[in-house]
Amino acid sequence: MSAILHRNLAASLPVAVRGEGAYLFDAKGKKYLDASGGAAVSCLGHSSPRVIEAVHEQIGRMPFAHTSFFTNEPSEELAEMLIVRAPEGFGRGRVSFVGSGSEAMEVALKFARQIQVERGEAERSTFIARRMSYHGNTVGALSVGGHMQRRALYAEMLMPVTHISPCFAYRFKHDDETPEAYGRRVADELEEAILKIGPKKVAAFVAEPVVGATIGCVAAAPGYFKRIREICDRHGVIFIADEVMCGMGRTGSFFAMEQEGVAPDIITTAKGLGAGYQPIAAMLASEKLIETLKAGSGALANGHTYMSHAVACAASVAVIKTMEEDRLIEAVQDKGAELRAALETRFGQHPHVGDIRGRGLFQALEFVEDRTTKRPFSRKWRIAENLKSKLQDRGLIAYPSSGTADGDEGDHLLLAPPYIVTSDD
Ligand code: PLP
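Residues in the sequence shown are numbered from 0 upward in steps of one, following numbering that gives the first Met the number 0.
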């Protein structure tokens with residue numbers, strides 16, 4: 000019997016022993032097409048030689064040096080690579096590296112709070128986020144998240160956060176509304192919430208540019224994030240874009256926010272950053288925030304033992320080099336269009352597929368009982384969770400996002416194949 004506290008004690012999972020390109024193999028020799036990169040992690044597949052070599056090289060030379068005594072070459076190089084690739088208007092900010100997306104969100108929330116204090120606005124201690132979002136499982140990240148199932152057990156111990164509507168046109172746009180008018184309507188909820196909470200009380204607003212784990216690859220309506228940016232600026236609220244899942248080329252641009260033409264104040268990113276070769280996440284803070292810090296205490300009031308881990312950073316440097324040398328982000332655009340067309344052809348008219356959506360190699364199917372009314376199946380018949388294990392039995396890994404328990408939404412299957420995936424795959 001396993002001594003691991005698995006996600007489900009009753010589950011009997013195959014043992015993954017080998018990876019090759021877009022495929023994983025279990026101990027019995029069974030082959031699986033990893034069509035979701037786990038949870039949108041393995042963006043280079045499972046055997047990228049340059050990343051493996053970079054990890055070997057760094058671990059052999061110097062695996063770890065504590066950040067209160069030293070910096071290290073891979074983390075300096077990686078920070079520079081990320082800052083120069085940040086959306087226009089972000090400026091020469093700085094980057095903090097940690098081990099997971101949740102940790103990056105904790106760093107982002109605490110940094111936003113710190114900056115407000117350094118600005119002399121210490122009463123700004125609360126956050127606004129969106130329903131049906133996911134920002135991680137640690138207490139701060141869970142508090143801003145809108146995944147009701149995951150929050151439920153811990154409700155009493157979470158931070159007070161105001162949740163506004165997501166921008167989710169398939170479900171919530173009125174028929175007589177243009178996408179732009181819908182985007183503006185839901186963005187304006189942010190201003191209403193700020194005014195209701197009171198002036199100078201809100202530290203930051205948090206949103207995923209393309210929502211992943213809860214509602215399946217939902218990009219915002221045109222103009223939504225421009226409006227969000229204006230509102231944040233008007234009220235001194237820091238805008239945190241959570242690109243943990245949708246960043247690092249996944250949607251066809253290095254950061255997903257590029258496609259919105261908006262620079263957030265803070266970006267978090269993780270999964271594709273280490274591509275599964277190392278656990279690593281980043282929080283990028285804009286030049287403007289760093290200027291405030293410089294003029295203030297000059298010190299980050301938060302630290303973790305494995306910050307800027309040299310081996311993890313070396314892996315990420317090699318991930319980005321591989322993406323760019325092999326022109327993989329451009330490939331995401333073409334392959335994403337091909338995947339989308341294939342899904343539309345195959346399932347576009349399916350009576351139980353209500354919507355097919357996403358950007359780049361980040362695509363989802365939403366299942367419904369009735370396409371016209373968009374009525375979902377009752378909970379016990381949820382398709383995605385059932386499909387997950389049936390597909391795995393047949394050698395296909397796809398990621399279900401099985402609901403926010405915030406109404407009836409939440410029956411989606413997410414596809415996020417590696418950028419090296421081929422038409423044959
Ligand atoms: N933010 C988003 C948008 C995510 O999708 C996730 C994980 O799925 C997280 C944060 C948390 O990341 P991690 O699971 O690495 O802690």
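From the three backbone atoms N, C-alpha and C, an ideal C-beta is built for every residue, glycine too.
The Cβ atoms of residue 317 and residue 50 lie closer than 7 angstroms to each other. A residue is called buried when at least 16 other Cβ atoms come within 10 angstroms of its Cβ; residue 130 meets this threshold and is buried. Comparing C-alpha distances from residue 272 to each of 260, 284, 329, 248 shows the shortest one belongs to 248.
Judged by DSSP in its simplified three-state form, residue 94 adopts strand. Under the criterion of beta carbons closer than 8 angstroms, residue 44 and residue 286 do not qualify as touching, at roughly 35 angstroms. In this structure, DSSP gives residue 239 an extended state, which the three-state scheme calls strand. Shortest gap from the CB of residue 409 to any heavy atom of the ligand PLP: 6 angstroms or more.
Within the DSSP secondary-structure output, residue 288 pairs in no beta bridge. Here DSSP, grouped into helix, strand and coil, assigns residue 40 to coil. The continuous alpha helix (DSSP H) containing residue 271 extends over residues 270-273. Of the other Cβ atoms in all chains shown, 16 or more fall within 10 Å of the Cβ of residue 101; this residue is therefore buried. In the displayed model, residue 200 falls within coil according to three-state DSSP, outside both helix and strand.
Looking at the DSSP output, residue 217 shares a beta bridge with 210.
Distance from the CA of residue 24 to the CA of residue 41, rounded to the nearest whole angstrom, comes to 15 angstroms. With contacts defined as CB atoms closer than 7 angstroms, residue 103 and residue 269 qualify as a contacting pair.
Residue 88 has its Cβ no nearer than 6 angstroms to any heavy atom of the ligand PLP. Here the alpha carbons of residue 144 and residue 329 stand approximately 31 angstroms from one another. Inclusion of residue 244 in the 6 angstroms shell around the ligand PLP follows from its C-beta lying nearer than that to a non-hydrogen atom of the ligand. Taking 7 angstroms as the cut-off, the beta carbon of residue 274 is found no closer than this to the beta carbon of residue 99. Within the chosen limit of 6 angstroms, the ligand PLP does not reach the beta carbon of residue 255 with any heavy atom. Residue pairing for residue 399: DSSP places it in a beta bridge opposite 412.
Ranked by how close their Cα comes to the Cα of residue 157, the residues 140, 168, 69 have 140 in first place. For the pair residue 192 and residue 230, the CB atoms are not nearer than the 7 angstroms cut-off.
Between residue 237 and residue 264, the gap from beta carbon to beta carbon is short of 7 angstroms.
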